[in-house]
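> Under my numbering, the letters of the sequence shown match residues 352 to 563, in that order.
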Amino acid sequence: MKIGIIGSGNIGGNLGIHFAKASHEVVFSSRNPEKLTPLVAATDGKARASTPEEAANFAEVILLAIPFGNVPAVAQSIGDIDGKVLIDAGNYYPQRDGDEIGKEMQAKNLLETEWTASHFPGAHVGKAFNSIYYKTLQNKAFAPQADRLAIPFAAADKKAEETIQSLLTSIGFGSTFLGDLTQTKIIQPNEPLYTKEMSEEALEKQVKQLLG
Ligand SMILES: NC(=O)c1ccc[n+]([C@@H]2O[C@H](COP(=O)([O-])OP(=O)(O)OC[C@H]3O[C@@H](n4cnc5c(N)ncnc54)[C@H](OP(=O)(O)O)[C@@H]3O)[C@@H](O)[C@H]2O)c1
Numbered sequence: 352m353k354i355g356i357i358g359s360g361n362i363g364g365n366l367g368i369h370f371a372k373a374s375h376e377v378v379f380s381s382r383n384p385e386k387l388t389p390l391v392a393a394t395d396g397k398a399r400a401s402t403p404e405e406a407a408n409f410a411e412v413i414l415l416a417i418p419f420g421n422v423p424a425v426a427q428s429i430g431d432i433d434g435k436v437l438i439d440a441g442n443y444y445p446q447r448d449g450d451e452i453g454k455e456m457q458a459k460n461l462l463e464t465e466w467t468a469s470h471f472p473g474a475h476v477g478k479a480f481n482s483i484y485y486k487t488l489q490n491k492a493f494a495p496q497a498d499r500l501a502i503p504f505a506a507a508d509k510k511a512e513e514t515i516q517s518l519l520t521s522i523g524f525g526s527t528f529l530g531d532l533t534q535t536k537i538i539q540p541n542e543p544l545y546t547k548e549m550s551e552e553a554l555e556k557q558v559k560q561l562l563g
């Protein structure tokens, strides 16, 4: 797949390295792409670095891994991404992202990725990688089947679901589908599945108990 990484930090940087290793075409991005030279080198030159606008334009799949409060700015700068899959790895932390977004989500009765999706109305939006600590993401990819950790994910539609499922498999993680974006409260910060490390079997069991 052609993957554009928006936010090439702890989460986006590590995931991009894994995606490149799994033979996906990866473009990392930064507002200062010249600083991404070490990250490109970590992929043995398989990936390249560019601006967020160019990465989004190139991509079939966009990984959004930025501070949550900067979502509106990114939506404005990258423009139309209609028809592309957007994977939201972000979490809302009021102390980092400000109180206003929290108030808006509450007033509109939106969960975090529903709020993100509202800024990208033409995209196929899913949520994944938000509930795994970046060092776990870095160290536990490509594990043998018996040792695999499962990553919980959700998707607004079938295209996003199939894309995320396939990406998770390609980098050696198990996966547990939660449902559409209305089912994602349990993987938000301070909720039961946030930063929990489990096998697919254990995670499926937990999800069944939590979502019914
Ligand atoms: N750290 C974790 O363990 C972890 C785990 C799960 C989820 N998350 C969530 O994932 C998101 C990213 O976390 P992180 O730890 O990877 O953050 P990070 O290391 O600080 O990286 C964030 C990146 O976002 C980019 N960025 C910020 N504002 C931008 C904008 N307006 N346009 C384009 N790019 C922008 C920055 O790139 P430039 O400054 O170079 O442009 C930066 O490299 C957050 O929402 C976080 O809560 C984090």
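Glycine included, every Cβ here is placed at the ideal spot set by N, Cα and C.
Which residue marks the beginning of the alpha helix (DSSP H) containing H369, and which one marks its end?
Residues 361 to 372.
> Which of helix, strand or coil does DSSP assign to Q355?
Checking the displayed sequence, the identity of residue 355 turns out to be Gly instead of Gln. Of the three classes helix, strand and coil, the one that applies to G355 here is strand, per DSSP.
> What is the DSSP secondary structure of K478, counted as helix, strand or coil?
Correct three-state label for K478: strand.
> So, with DSSP's three-state summary, where would you put F493?
F493: coil per DSSP, three-state reduction.
> By the DSSP assignment, the alpha helix (DSSP H) with E376 in it spans what residues?
Per DSSP, E376 belongs to no alpha helix (DSSP H); it is in the beta strand (DSSP E), 376 to 380.
> Identify the residues that DSSP records as bridge partners of S401: which are they?
According to DSSP, which records beta bridges pairwise, S401 is partnered with S380.
> Note down, in chain order, each residue of its chain lying with its Cβ closer than 6 Å to the Cβ of E512, except the 5 sequence neighbours on either side.
Excluding residues within five positions, the ones whose Cβ falls inside 6 Å are A506.
> Measuring only from the beta carbon, is V425 closer than 7 Å to any heavy atom that is part of ligand 1?
At least one heavy atom of ligand 1 is nearer than 7 Å to the Cβ of V425, so yes.
> Closest by CA to D508, which one among I502, G355, D498, L529?
Checking every option, the nearest Cα to that of D508 belongs to L529.
> By Cβ distance below 7 Å, which residues in the same chain neighbour L561 in space, the five residues on each side in sequence not counted?
Within the same chain, L561 has close Cβ partners I537, P543.
> For E465, is the classification buried or exposed, using 16 other Cβ atoms within 10 angstroms of its Cβ as the cut-off for buried?
Burial call: buried.
> As an exercise, report each continuous alpha helix (DSSP H) stretch of at least 4 residues that is fully enclosed by the segment 416 to 470, in chain order.
Taking only runs of at least 4 residues, the alpha helix (DSSP H) segments lying wholly in the segment 416 to 470 are 422 to 429, 445 to 448, 450 to 459, 463 to 468.
> Beta carbon of R399: closer than 7 Å to some heavy atom of ligand 1?
No, the beta carbon of R399 sits no closer than 7 Å to any heavy atom of ligand 1.
> Considering only the alpha carbon of each residue, which of P389, N442, F409 lies closest to V378?
The shortest C-alpha separation from V378 is found at F409.
> Closer than 6 Å by C-beta to A371: which residues in its own chain qualify, once you throw out the five before and the five after it? Chain order, please.
Cβ neighbours of A371 beyond the five flanking positions: V377, T394, K397, A398.
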